[in-house]
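Reviewing the structure listed below.
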Amino acid sequence: MVGQCTLRDAFTAASTGAADTDDVQINIPASIGKITLTDGPLAYNGGTGNFSLTVAGGGNTVDQTTSGARVITSTTSATLTVSGLTLTGGNVNPGVGGAIETDGNLAITNSTVTDNAATGNLADTLRVGPSRNNALVLTNTTVSSNTATATGTNDEGGIVDSG
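Each residue of the sequence shown is one higher than the one before, counting from 139 in the numbering used here.
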């Protein structure tokens, strides 16, 4: 999909048609400032071909205000790349990936992940996996002021990379 739409609509389009033939990039104009999520996480499924998604944030902030929802969920085994974006407000209880949960690789560049929370038997701010082949790459990225409150004995922490 080319043109202007909401960020949620861009994620939906990428999952339901735009990713039919190639990797997808969503470009957020720098002039937006703050994007408030009120209907759950931004979700991407890789389209029909399990394609990668790049979100070029333009220096904006995505603030999750929905109770019990992370900021981004990606169920593809491909790569999710986030750049130039602040992710905040994600909260899952119980759950994993207060800010991001992905089944594939995760690359975050020139971004900030802050004030996200996860509580439960598995609790973490960033969750990458489940394959041992998955990779997490953080470049010029700040991960701070997030909380992971474990209630069990399984994985818990700020960042969990199953790969």
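Backbone N, C-alpha and C define an ideal beta-carbon position, used for all residues, glycine too.
| Item | Value |
| --- | --- |
| Option in 264, 181, 165 and 192 with minimal Cα separation from residue 212 | 181 |
| 3 or more residues per run - each beta strand (DSSP E) lying fully within the region 226-288 | 238-240, 243-247, 250-252, 255-258, 261-266, 274-277, 280-282 and 285-288 |
| Cα-Cα separation, residue 235 to residue 262 | 5 angstroms |
| Continuous beta strand (DSSP E) assignments of at least 3 residues falling wholly in the region 140-202 | 162-165, 172-175, 180-182 and 191-202 |
| Supposed contact pair residue 166 and residue 198 - C-beta distance, whole angstroms, cut 8 angstroms | 5 angstroms |
| Own chain residues within Cβ distance below 6 angstroms of residue 190, not counting five before or after | 161, 216 and 217 |
| DSSP three-state assignment for residue 221, whether helix, strand or coil | strand |
| Burial state of residue 142, where buried means 16 or more other Cβ atoms lie within 10 Å | exposed |
| Alpha-carbon to alpha-carbon, residue 225 and residue 231 | 18 angstroms |
| Residue 213 - DSSP class collapsed to helix/strand/coil | coil |
| Contacts around residue 201, its chain only, beta-carbon distance under 8 angstroms, and the 5 residues preceding and following it disregarded | 172, 173, 174, 175, 226 and 227 |
| Residue 169 versus residue 196 - alpha carbon distance | 8 angstroms |
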